[in-house]
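Visitor:
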Ligand SMILES: [Zn+2]
Ligand SMILES: [Zn+2]
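Numbering (my numbering), first residue to last: 25 to 201.
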């Protein structure tokens, strides 16, 4: 399909992780996926009281940098994100829009005092990336707890759901293109 999905790291993200993610997203969405040079973390997003970063500020940064051939932009960061009234978010996206964002901070086993598990870590990144991009392609949350568009309130939800769209979401996705 014509057009490109851009992955935009905020600060350094492991190149191997980005590359493998790009390959998977290309397969899933059928668009070329390019990884861009990293952007700095927007300093105005930082909330010292919470020691977290306000997610919408990152989305605004992305919106100011939409390349002409961009179908979607996926920001990826390793700082902890929040939105008002929530303790944290794994990611955020504009429903039916062009920009999405994920944080990988809470997807690591180490964050919870557990032993590192690179495979699980990258599977979670893939699920969150597909989920947020799914919102950009117009999908809402899905009641099917195995569907990648199911809302993850916790990492257990993320681990329980698959990285696939259910048949219903697949249909909506096809129509949305
Ligand atoms: Zn969601
Ligand atoms: Zn679904």
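The beta carbon of each residue, even a glycine, is placed where N, CA and C say it ideally should be.
Note that the structure is a prediction, hence the values are computed from the model and not measured.
1) So what's residue 60 in DSSP terms, helix, strand or just coil?
2) For residue 28, which option in 116, 67, 37, 96 has the closest C-alpha, if you only look at C-alpha atoms?
3) Identify the continuous beta strand (DSSP E) that holds residue 34 and give its terminal residues.
4) May I have the straight-line CA-CA distance separating residue 112 from residue 176, to the nearest angstrom?
5) Of all residues in the structure, which have a C-beta closer than 6 Å to any heavy atom of ligand 2, taken in chain order?
6) Which runs of the alpha helix (DSSP H) spanning at least 4 residues fall entirely within the region 129–177, listed in chain order?
7) Can you tell me the Cβ-Cβ gap for residue 190 and residue 166, rounded? I've got them flagged as a contact below 8 Å.
8) Would you be able to state if there are at least three C-beta pairs under 8 Å between the region 64–83 and the region 41–50?
9) Using three-state DSSP, classify residue 184 as helix, strand or coil.
10) Expressed to the nearest angstrom, what Euclidean distance is found between the alpha-carbon atoms of residue 108 and residue 192?
11) Flag this pair as yes or no: are the beta carbons of residue 63 and residue 149 separated by less than 8 Å?
12) Looking only at its own chain, which residues have a Cβ that is under 8 Å from the Cβ of residue 106, when we skip the five neighbours before and after it?
13) Using the three-state DSSP reduction, which class does residue 54 fall into: helix, strand or coil?
14) Leaving out the 5 sequence neighbours to the left and right, which residues in its chain are closer than 7 Å to residue 93 when beta-carbon positions are compared?
Guide: So, to answer that:
1) If you number the chain shown from 1, residue 60 lands on position 36. Correct three-state label for residue 60: coil.
2) To locate residue 28, count along the chain shown from 1; it is residue 4. For residue 28, the nearest C-alpha among the options comes from 96.
3) Residue numbering aside, residue 34 sits at position 10 when the chain shown is read from its first letter. That run of the beta strand (DSSP E) goes 28–34.
4) Along the chain shown, one-based indexing puts residue 112 at 88. Along the chain shown, one-based indexing puts residue 176 at 152. Those two C-alpha atoms are separated by around 12 Å.
5) 166, 168, 171, 173, 189, 190, 192, 193
6) 142–160
7) Here residue 190 refers to the residue found at position 166 of the chain shown. Here residue 166 refers to the residue found at position 142 of the chain shown. The pair is a contact, with the Cβ atoms about 6 Å apart (cut-off 8 Å).
8) no
9) As a first step, residue 184 is located in the chain shown; it is residue number 160 there, counting from the start. Three-state DSSP puts residue 184 in a helix.
10) By 1-based counting over the chain shown, the position of residue 108 is 84. By 1-based counting over the chain shown, the position of residue 192 is 168. Between residue 108 and residue 192, the C-alpha separation is close to 31 Å.
11) To locate residue 63, count along the chain shown from 1; it is residue 39. To locate residue 149, count along the chain shown from 1; it is residue 125. Not a contact, by the Cβ cut-off of 8 Å.
12) One-based indexing of the chain shown puts residue 106 at position 82. Correct list, in chain order: 71, 74, 76, 77, 78, 79, 112, 113.
13) Residue mapping note: residue 54 aligns to position 30 of the chain shown, counting from 1. Looking at residue 54 - three-state DSSP - the assignment turns out to be coil, as it is neither helix nor strand.
14) In the chain shown, the residue the question calls residue 93 occupies position 69. Same-chain partners within the cutoff: 27, 28.
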